[in-house]
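Numbering (the working numbering), first residue to last: 3 to 135.
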């Protein structure tokens with residue numbers, strides 16, 4: 003891989019004898035890990051885990067680690083499968099992380115007059131103790 007995310011690249015082998023086999027093993031390990039986490043944590047949606055300034059931005063639904071998911075595009079060979087961005091679309095994830103203080107399911111939607119910015123998830127708030135906050 004020549005490009006990555008947050009300085010990380012996915013190893014798919016090298017142009018040496020049997021180099022492609024190491025790449026295939028890495029792909030198999032990645033898929034196995036994904037399946038294991040899907041079963042273990044009963045999750046099929048992305049978790050909000052990218053802390054910014056000690057908080058989980060609700061905008062993580064639109065991209066984590068400095069990514070902007072709506073700015074991803076297919077290669078020229080796959081361009082015919084790309085859908086246009088719908089600026090009015092909104093969606094809420096079904097699953098989310100279960101650790102203590104974990105953010106709620108990710109939600110992504112358009113800016114509105116009532117919600118001009120997304121805010122953040124306050125994992126320190128204790129709603130089960132009325133005296134706490």
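Using N, Cα and C, we set each Cβ at its ideal position, and we do this for glycine too.
**Prompt:** With 16 as the cutoff for other CB atoms within 10 Å, does residue 59 come out buried or exposed?
**Reply:** buried
**Asked** In its own chain, which residues sit with a C-beta less than 8 Å from the C-beta of residue 40, not counting the 5 before and 5 after it?
**Response** 46
Hey, how far is the Cα of residue 24 from the Cα of residue 15? 5 Å
| request: Give me the Cβ distance between residue 71 and residue 64, rounded to the nearest whole Å; I'm assuming they're in contact under 8 Å. | output: 6 Å
- Query: Which residues in the same chain as residue 123 place their Cβ atom closer than 6 Å to its Cβ, once the five residues preceding and following it in sequence are excluded?
  - Reply: 58 and 105
Looking only at C-alpha atoms, which of 81, 69, 43 and 125 sits nearest to residue 98? 43
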